[in-house]
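Counting from 1, position 341 in the sequence shown corresponds to residue 340 in numbering that gives the first Met the number 0; the numbering is continuous, with no gaps.
Take a look at the structure set out below.
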Amino acid sequence: MSDKKKAKNNKKEFLQELISFMQSKGFVWGPEPEIYGGTAGFYTFAPLGKLLKNRVEEVIRKTLQAEEFFEVECPIILEKKVWEASGHLKGFTDVMVICSKCKSNFRLDQLLDDYPETKHFKKPDQFLKFIKKKNIKCPSCGGDFKPEIKKHDLMMKTIVGVNQEAYNRPETATATYLPFLRFVDFFRRKPVFGVFQIGKAFRNEISPRQHIIRMREFTQAEAQLFIKKELKNDYEKYQEVEDELLPLWSYKTQEKNKKVDDIRIKNALKKGLFKSQAYAWTIAVAYKLFTNMGIPPDRIRMRQHFPDEKAFYADDAWDVEIKTKSFGWIEVCGVHDRTDYDLKQHAKYSKTALEAFDEETGKKYVPHVLEIAFGTDRPVYALLDFFYEKKEKEQGKTMFKVPYYLAPIQISVFPLMRKPELVTKAREIYDNLSKEFVCTYDETGQIGRRYLRAAESGTAFCITIDFETLEKKPETVTIRDRDTEKQVRVKIEELRETLRTLLNQEKKFEELK
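So this is what it looks like as structure tokens:
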């Protein structure tokens, strides 16, 4: 067996193991509804998965709010004319091929994922000739594909009221542009302002096959920086990031099959990798978002779009990509300079001037939009992929060693045994801690088994109430660290503050005395 095939098999085995872990431990269930057989692309974030997703979204909010973006929530369903203006009704499609034997449908980009030379094919004939030349068969049955390529509409249609045609949004950005004039008033006509939105989006995917990486209903997060064109290369926040290093993979480097370069932002701007200071700053914010989410920096790269890959209206376009164990490199974010395209399109179709007013010059202008577009499901998947580990294969001991501040359950409280006096004290401590932290209480089974259950769920710290807690003054409990499995005794009166500093990464566990 070739090394390439072995690696592929190893990824497949790990994926099956990871999905089993997610299902059995309460992270992700589906495809849903399971009792009816399930429909591809729809999943339930189970109790632990939802807690983890909440943590990721908290990080997104804190990161963007620190950069002066304001959160909004816009409608999920919008009338047909909006999507005509945005271009989605005309061009939001995937291309696919159909097996002549089993009739299965496959997205071309997924079918040809192992053939990077096809990434920039544009014409149907190019794909068909390549499939024939390489003798590529249907993954489901081994049959031949029909000699035709079809377009598939990704928009999900619905009806509002009796007969008004409308669509579920395929992304959050379009809905964010529509209240532009309200934003101008709210931000007191500032020439630069930012908004972001986290919410559901829908795409009628052909055949979603990568678990929660590709779903038909998913959670998207997008941030838009509205900025006067003339300020893009005179952007005050740029100085804050110009010396930062980013793992950049320019399209020219990709063409030469070279590795990612760690380049300072100011040098990347000088080399023309970014076209403006404001866009360079936006790229830095996108990178910070994913490192703040707990993604290891050595698993992140920023990939520049090829000139023929960019949308026609995009002045700059880079993706954030993450290397997973199960799928290799996956795209998790797009950073685009959309210029004034969207506002002008919606102005044209709505017959409403979407303009700001420059009080210095007395002239009106249409701002440019710099966009960070990503989702929250893929980062959640990546965290599970990175930090799940089977510590002792023969014993089946598994752990989810996610960074403490992202732990779904922060604290578990255990009485050493089910003795009434221990249970009473443990309940008292649980009630106190649960006012501030996400906690669980468990008194069933051997204490060692309870520690294992907590480690599997990613619980950061376990608090154990034993006889020493009751018999000695001042009262103390043990804190058990998930990753090192070490324990220290801490005074109950100092417990909340100690846990707070550990979870906020202000102090390391080994620093406790």
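Beta carbons are placed, not taken as given, at the ideal position from N, Cα and C, and that holds for glycine.
A quick note: this is a predicted structure, and the numbers were derived from the prediction, not measured.
Residues near residue i by beta carbon distance below 7 Å, same chain, minus five either side
i: P123; result: I148
i: T252; result: D260
i: R377; result: I212, I329 and V331
Beta strand (DSSP E) segment containing residue i, residue limits
i: F413; result: I410 to P414
i: D93; result: T92 to I97
i: F69; result: F68 to E70
i: Y403; result: It is not in any beta strand (DSSP E) - Y403 carries neither H nor E in the DSSP assignment.
i: D260; result: D260 to R263
i: D152; result: K149 to D152
i: K490; result: Q486 to K490
i: E164; result: Q163 to N167
i: R302; result: I299 to Q303
i: I130; result: That residue, I130, is in no beta strand (DSSP E); its alpha helix (DSSP H) goes P123 to K132.
i: T475; result: T475 to D480
i: K156; result: M155 to V159
For residue i, the three-state DSSP class (helix, strand or coil)
i: R54; result: helix
i: L245; result: strand
i: Y234; result: coil
i: L511; result: coil
i: V284; result: helix
i: E467; result: helix
i: Q223; result: strand
i: N104; result: strand
i: I211; result: helix
i: A200; result: strand
i: I76; result: strand
i: E505; result: coil
i: G29; result: coil
i: K118; result: coil
i: F20; result: helix
i: G193; result: strand
i: L110; result: helix
i: I34; result: helix
i: L369; result: strand
i: E496; result: helix
i: E216; result: strand
i: K389; result: strand
i: F144; result: strand
i: F460; result: strand
Proximity of residue i and residue j at Cβ, strictly below 7 Å
i: E67; j: I197; result: no
i: K400; j: D482; result: yes
i: P169; j: R202; result: yes
i: G40; j: E204; result: yes
i: R449; j: F508; result: no
i: I212; j: Y35; result: no
i: V334; j: W317; result: yes
i: A459; j: Q504; result: no
i: P46; j: T38; result: no
i: K424; j: I462; result: no
i: C73; j: C101; result: no
i: E264; j: V240; result: Per the sequence shown, residue 264 should be read as Ile rather than Glu. Yes; because the gap between Cβ atoms is below 7 Å, this pair is in contact.
i: E235; j: A165; result: no
i: T475; j: R488; result: yes
i: H151; j: T92; result: yes
i: F144; j: C98; result: yes
i: L224; j: L369; result: yes
i: G288; j: A279; result: Sequence check: residue 288 is Leu here, not Gly. Cβ atoms of L288 and A279: not closer than 7 Å.
i: P402; j: G293; result: yes
i: I299; j: I321; result: yes
i: V183; j: V71; result: no
Cβ shell of residue i (< 6 Å), same chain only, five flanking positions each side left out
i: K231; result: S275 and A277
i: T500; result: K506
i: D384; result: T323, K324 and S325
i: N53; result: none
i: F13; result: K324 and S325
i: I59; result: A220
Residue i - containing alpha helix (DSSP H), residue span
i: P378; result: D376 to F386
i: K80; result: K79 to S85
i: R181; result: F179 to F185
i: A174; result: A172 to Y176
i: Y250; result: Y250 to E254
Neighbourhood of residue i by C-beta distance below 8 Å, restricted to the same chain and skipping five residues each side
i: H531; result: Residue coverage of the chain in this structure runs from 0 to 512, which leaves residue 531 outside it and unanswerable.
i: K363; result: A352, E354, A355, F356 and D357
i: P190; result: I226, K227, L230, A355, D357 and P366
C-beta neighbour in chain C for residue i, strict 7 Å
i: Y35; result: Among the chains in the structure shown there is no chain C, since it carries only a single protein chain.
- Message: Report the start-end ranges of each alpha helix (DSSP H) in the segment 413-458 that is 4 residues or longer and not cut off at the edges.
- Response: 419-432 and 446-456
- Message: List, from N- to C-terminal side, the beta strand (DSSP E) runs of 3 residues or more that fit wholly inside the segment 316-366.
- Response: 327-336, 355-357 and 362-364
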